[in-house]
Amino acid sequence: VKKARPHSTLDSHPSPLQSMLRSSLSIALVVGCAEAFGASSIATLSLPKALRGGSAMSSTQRDVAGSGALRMAIGVGDTLPSDAELSIREDGKIDTFSTEDLFKGKRSVIFAVPGAFTPTCSEQHLPGFVEKSEDLKKAGAEVIACVSVNDPFVMREWGLAQKVGDKVKMLADGNGAFSTAIGQIVDKGAAMGKRSNRYAMVVDKDMKVEALMLEKEGFGETSAEKVLEFLKK
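The sequence shown begins at 1143 in the numbering used here and counts up by one.
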């Protein structure tokens, strides 16, 4: 009968060289997985703290599918990226602003739709915020903004068609950079391409997320009514 080989001291107490080799192997495996799944960079993956070199992910952050890679989604308690840019067409010209320019110092309601002129967005989501805009402002919202991965011309025309006026800022995330930065970009295939998830959030004056509503199925969780309920708490 063969005797089991006893664990060596090196197995139970790896040397610094062995630890480094094992870490290198782990990183190589992660990079291989990233390439297999189409990740654009290792930073888009959820790595163990020791391999990330940063702090552990907060309990409010989630991994969501975006552009074929896993991306860290913004959550309650997180802060909006200050340098992401969004555009708006007003008075015959297009202006591009950073998120800091748009939301810093103002308690804001931001909701996003998959696309301008699409049925649910045009029939329920945007009209609800237009209708409830005064109630939302009375409850503490200083800015109400609609974000979509569309160009500023489309967002302008959609706003006119919906009689938005100055009740809701119609913000174009033309290249999807803002939606990507907060982990809410999704690929809707050949018909629509990369778009934003449907969501609604309340952001405080320091651009920290107070509330984040996401749809599980259908429509309702991201409505103006749900946001108003939160603001009135």
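Backbone N, C-alpha and C define an ideal beta-carbon position, used for all residues, glycine too.
With a CB to CB cut of under 6 angstroms and the five nearest residues on each side skipped, what residues in its chain are close to residue i?
| i | result |
| --- | --- |
| LYS1350 | THR1221 |
| GLY1270 | SER1365 and ALA1366 |
| ILE1236 | SER1229 and PRO1294 |
| LYS1330 | ARG1337 |
| ALA1376 | The first residue shown for the chain is 1143 and the last is 1375, placing residue 1376 beyond what the model contains. |
| ALA1207 | Because the pLDDT at ALA1207 is just 37, under 50, the model does not fix this residue reliably, and the point stays unresolved. |
| LEU1167 | Low local confidence applies: a pLDDT of 43 at LEU1167 is under 50, so the model's placement there is unreliable, with the coordinate-based value given in what follows. Result list for LEU1167: empty, nothing under 6 angstroms. |
| LYS1309 | VAL1272 and SER1275 |
| TRP1385 | Because the chain is modelled from 1143 through 1375, residue 1385 falls outside the range shown and cannot be assessed. |
Using a 10 Å radius around the Cβ and a threshold of 16 neighbouring Cβ atoms, would you call residue i buried or exposed?
| i | result |
| --- | --- |
| LEU1302 | exposed |
| GLY1316 | buried |
| ALA1283 | buried |
| ALA1176 | Because the pLDDT of ALA1176 is 41, which lies under 50, any placement of that residue in the model is unreliable, and the number read from its coordinates should be weighed accordingly. Per the 10 Å Cβ criterion, buried. |
| ALA1332 | exposed |
Are the CB atoms of residue i and residue j nearer to each other than 9 angstroms?
| i | j | result |
| --- | --- | --- |
| VAL1091 | SER1338 | As displayed, the chain neither begins before 1143 nor continues past 1375, which places residue 1091 out of reach and without an answer. |
| SER1321 | ALA1287 | no |
| ALA1319 | ASP1293 | no |
| MET1334 | PRO1256 | yes |
| LEU1100 | LYS1274 | Shown here, the chain extends from 1143 to 1375; a query on residue 1100 therefore has no answer. |
| GLU1232 | THR1241 | no |
By Cβ distance below 7 angstroms, which residues in the same chain neighbour residue i in space, the five residues on each side in sequence not counted?
| i | result |
| --- | --- |
| LYS1374 | ALA1281 |
| GLN1266 | PHE1361 |
When you compare each of the options to residue i by their alpha carbons, which one comes out closest?
| i | options | result |
| --- | --- | --- |
| PHE1259 | PHE1295, LYS1279 and GLU1276 | PHE1295 |
| LYS1311 | PHE1239, GLY1217 and ILE1216 | PHE1239 |
| LYS1305 | VAL1344, SER1264 and VAL1328 | SER1264 |
| LYS1248 | GLU1352, ALA1323 and ILE1327 | GLU1352 |
| LEU1268 | GLY1307, VAL1328 and ASP1243 | GLY1307 |
| ARG1298 | GLY1234, VAL1345 and ALA1323 | GLY1234 |
| LEU1244 | LYS1358, ALA1323 and VAL1345 | VAL1345 |
For residue i, I'd like the list of residues in its chain whose CB is within less than 8 angstroms of its CB, leaving aside the five on either flank, ordered along the chain.
| i | result |
| --- | --- |
| LYS1246 | SER1224, LYS1347, ASP1348 and MET1349 |
| LEU1278 | VAL1251, PHE1271, ILE1286, ALA1366, VAL1369, LEU1370 and LEU1373 |
| GLU1359 | none |
| ALA1323 | PRO1223 and ALA1226 |
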